[in-house]
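See structure below.
In my numbering, the protein residues as written are 19 to 524.
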């Protein structure tokens, strides 16, 4: 019989209140709030660009040190405990939770932006711009992004399985620094911040995913794009999600993620085989070499002299964005990491996550670029004329059996959104529960309530056009998230020192 954890009223009700009040304020005063949020966002990305670049690179180096050093063999849980999930299921779940619809959207569109507005004062739509287009895609969705995701995972898993902090909350993972304050109001404030950043993160998955699926369904059935169609998509997607969430972690989320990865790989391999195979391999190889050679340059690029804004609008925005959604992924992956060593979690997350992202950028981004360069289809023009979501469908339609590919793509998108919501509502419910420790899951009704809140929030924001404002607002929690990161890093270093270094000295 599955153990169920009880609701924590001190986190649940304040979190719901904050969500409703903040969302209502953001939407009611859209005209005044939107410019303020844009200003705050540019203040964070332009004034703190160096902070986020040093943090991201520092985390990457620290994870390598953890994995290669003596802490690497520390196991989450008992030393002889086998991993709770096999490597494939584990990799599938963390990839689906971490990337979801974002990778389907950006793998086609992002390289085309870099082609039009390249970095380093390169001329737009030139041969040099095409060389950098995929390079930057691989960089932004590679090891740096996954390092940002991996750090909280390690600390939360250690807190849960090795320190006996029985609840799956970020506040508990900061206990190494905060001590008993983590159980008081300060801990609750941290958890409410995490809930807000998670809701916004999901809002963005929706903001990208729903128009893309609407364009796909419109293309297949000749339906006009409309708000009703978008609401229909959210409704169908909620049904898939509710079915999976009711089944719980092992039967629901894990199975759905496995199906998802098979579908995602099938789609990528299909495009690789029927598309310009030789060009795709060649273009990826060249871009990979370019990225490897310029990794340090790209990691610390701020462009203070020319002030093009490229690194702030892309690299820094991404690092901020990933940092805001990372606590959610950390909570989820920590929950499925029992029985693994620190080294195993780091290697799996950095490798699976990066390879999945690279596969999609290499195949989908490479294919879109090939269409552009050979004048088969003008992707750039389509982005201007039809918008990004429709352009993705137009690109897929140039493939052999285009309609079948679009259908496959839409099904994949639906399942990706459902797995994102699945893992998210599981984490939200865990964060708002008293304990969701080893073998415990939040009550089914509690998980479902969060899923329904997400769906209702999504539909209402869609109707009043407030999705953009709420998305941008989550990045404003970047400054508190930065502080949470520092607390997590100090916490894990203290714990490892206390539990392993000091023991060895005695």
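No residue lacks a Cβ here, since even glycine has one placed at the ideal position from N, Cα and C. Keep in mind that this is a model prediction, so the values were computed, not measured.
Notebook entry, point to check: Around the C-beta of residue 349, are 16 or more other C-beta atoms found within 10 angstroms, so that it is buried, or is it exposed?
Noted result: buried
Next item on the list: Identify whether residue 459 lies in helix, strand or coil by the three-state DSSP scheme.
Entry: strand
Checklist line | Minimum C-alpha distance to residue 218 - residue among 512, 153, 496, 385 | finding: 496
Next item on the list: Hey, could you find the ends of the alpha helix (DSSP H) residue 180 is sitting in?
Entry: Neither: residue 180 is in no alpha helix (DSSP H) and is coded neither H nor E.
Item checked: Between the CA atoms of residue 89 and residue 514 - distance to the nearest angstrom -> 8 Å
Notebook entry, point to check: Roughly how many angstroms separate the alpha carbons of residue 512 and residue 209, rounded to a whole number?
Noted result: 21 Å
Checklist line | Bridge partners - residue 23, DSSP secondary structure assignment | finding: 460
Note to self: So for residue 515, helix, strand or coil by DSSP?
What the structure shows: helix
Notebook entry, point to check: Alpha carbon to alpha carbon, what distance is there between residue 501 and residue 342?
Noted result: 11 Å
Check: Helix or strand or just coil, what does DSSP make of residue 144?
Finding: coil
Note to self: Less than 6 Å between C-beta atoms, sequence neighbours within five positions excluded: which residues of the same chain meet that for residue 318?
What the structure shows: 71
Next item on the list: Measure the alpha-carbon distance for residue 185 versus residue 451 and round it to whole angstroms.
Entry: 8 Å
Check: From which residue to which residue does the alpha helix (DSSP H) around residue 99 run?
Finding: Looking at the DSSP string, residue 99 is not in any alpha helix (DSSP H), and its letter there is neither H nor E.
Notebook entry, point to check: Under 8 Å, do residue 189 and residue 200 count as touching if we go by C-beta distance?
Noted result: yes
Notebook entry, point to check: Residue range of the alpha helix (DSSP H) that residue 91 falls in?
Noted result: Taken as a continuous stretch (DSSP letters only), residue 91 belongs to no alpha helix (DSSP H), as it is neither H nor E.
Next item on the list: Use the C-beta contact count for residue 300: other C-beta atoms within 10 angstroms, 16 or more gives buried, fewer gives exposed.
Entry: exposed
Item checked: Backbone secondary structure at residue 416 - three-state DSSP -> coil
Notebook entry, point to check: For residue 451, which three-state DSSP category applies?
Noted result: strand
Item checked: Coarse secondary structure for residue 359, derived from DSSP in three states -> strand
Note to self: Within the continuous alpha helix (DSSP H) that includes residue 49, where are the two ends?
What the structure shows: 48 to 65
Item checked: Proximity winner among 158, 181, 255, relative to residue 429 (alpha-carbon distances) -> 255
Notebook entry, point to check: Nearest-angstrom Cα distance between residue 320 and residue 113?
Noted result: 29 Å
Checklist line | Residues of its chain near residue 37, where Cβ-Cβ distance is below 8 Å and the 5 sequence neighbours each way are ignored | finding: 213, 214, 217, 471, 475
Next item on the list: Spatial neighbours of residue 316 within its chain, please: CB distance less than 6 Å, with the 5 preceding and 5 following residues excluded, ordered by chain position.
Entry: 157
Notebook entry, point to check: Is it right to say residue 197 is buried, meaning 16 or more other beta carbons lie within 10 angstroms of its own, or is it exposed?
Noted result: exposed
Notebook entry, point to check: Between the C-alpha atoms of residue 370 and residue 24, what's the straight-line distance to the nearest angstrom?
Noted result: 34 Å
Notebook entry, point to check: Hey, residue 431 and residue 122 are a contact pair by Cβ (cut 8 Å); roughly how many whole angstroms apart?
Noted result: 6 Å
Next item on the list: Could you pull the start and end residues of the alpha helix (DSSP H) that residue 303 belongs to?
Entry: 295 to 311
Margin query: Taking 7 Å as the cut-off, is the beta-carbon of residue 180 closer than that to any non-hydrogen atom of the ligand FMN?
Written below: Although the ligand FMN was asked about, the structure shown includes no ligands whatsoever.
Check: Which whole-angstrom value is the C-beta distance of residue 172 and residue 77, which I expect to be below 8 Å?
Finding: With 8 Å as the limit, residue 172 and residue 77 do not qualify as a contact, their Cβ atoms being about 10 Å apart.
Notebook entry, point to check: By Cβ distance, which residues of its chain are closer than 6 Å to residue 249, with the 5 residues on each side in sequence left out?
Noted result: 477
Margin query: Alpha carbons only, please: which of 331, 298, 277 is nearest the one belonging to residue 65?
Written below: 331
Checklist line | Burial state of residue 259, where buried means 16 or more other Cβ atoms lie within 10 Å | finding: buried
Next item on the list: For residue 418, I'd like the list of residues in its chain whose CB is within less than 7 Å of its CB, leaving aside the five on either flank, ordered along the chain.
Entry: 292
Margin query: Alpha carbons only, please: which of 154, 368, 193, 207 is nearest the one belonging to residue 35?
Written below: 207
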